[in-house]
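Written out below as structure tokens is the structure these notes cover.
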Amino acid sequence: MTSHRTRLLALATAALASATLLTGCAGDVPMEAAENANDPACADVIVRLPDTVAGLERRTTNAQSTGAWGDPAGVQLQCGVEPSGPTTDTCVNVDGVDWIMDDSQAPLYRFEAYGRSPGLAVFVNSEYASGTAAVLDLGTVVRELPQTRECVGLVDTLDL
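When we follow the numbering used here, the leftmost residue of the sequence shown carries the number 116, and every step to the right adds one.
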């Protein structure tokens, strides 16, 4: 799982870096569709994406089930990613949505909507946008995805 996540993060980093360089000229933001981008639940998410995320205006993308905001695109979304299983990574609840946060490529942060099917990931370049603001703004549409599990802490696993 770690190598799969590392590859996804490396791909997203390259895509966000490319988008940052290429989107100074506007036009479509170049992105890659996730493996399960054709899931009908992703279509429901994409049609409900907000016009503004973290203060950035929505942009068009060239890939199915994706979204981008800002020029350069400081926030990018992919629906249809392979959902993570149980993890020891940082998992936080923001306004009713559990998010796994990966800061290993800072200033590029990856937020995965944990326990949602299909999986959804948001990539935020903190030089252009706040990750907290981005996941707050996207929470309404993410809550539309079926939730199959939720974050638990150590206290939740103790038999008291």
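Cβ coordinates follow ideal geometry from the N, Cα and C atoms, glycine included.
First through last residue of the beta strand (DSSP E) which encompasses residue i
| i | result |
| --- | --- |
| Val209 | Cys206 to Val209 |
| Thr181 | Thr181 to Trp184 |
| Leu192 | Val190 to Val196 |
Between the CA atoms of residue j and residue i - distance to the nearest angstrom
| i | j | result |
| --- | --- | --- |
| Gly139 | Val160 | Caution applies to Gly139, whose pLDDT of 48 falls short of 50 and renders its modelled position unreliable; the model cannot decide the point. |
| Pro165 | Gly268 | 31 Å |
| Arg264 | Gly200 | 9 Å |
| Asp154 | Val239 | 23 Å |
| Ala183 | Ser219 | 21 Å |
| Asp213 | Pro222 | 21 Å |
| Gln179 | Val144 | 12 Å |
| Gly234 | Cys266 | 15 Å |
| Ile215 | Gly142 | 31 Å |
| Thr255 | Asp217 | 21 Å |
| Pro261 | Ala156 | 9 Å |
Beta-carbon gap between residue i and residue j smaller than 8 Å
| i | j | result |
| --- | --- | --- |
| Ala158 | Thr181 | no |
| Cys194 | Tyr229 | no |
| Arg163 | Glu227 | no |
| Glu237 | Ala249 | Note on identity: in this sequence residue 237 is Val, with Glu being the wrong assignment. Yes, these two residues count as a Cβ contact at 8 Å. |
| Leu251 | Leu192 | no |
| Ser232 | Pro198 | yes |
| Thr167 | Arg174 | no |
Extent of the continuous alpha helix (DSSP H) run through residue i
| i | result |
| --- | --- |
| Cys157 | Pro155 to Ile161 |
| Gly246 | Gly246 to Val257 |
For residue i: DSSP bridge partner residues
| i | result |
| --- | --- |
| Arg173 | Trp184 |
| Ala228 | Trp214 |
| Leu235 | Cys194 |
| Leu319 | In this structure the chain extends from 116 to 275, so residue 319 is not present and cannot be described. |
Legend entry - Touch test, the region 170–187 against the region 207–227, Cβ-Cβ under 8 Å, three pairs minimum: Contact annotation: the region 170–187 does not touch the region 207–227, with fewer than three C-beta pairs closer than 8 Å.
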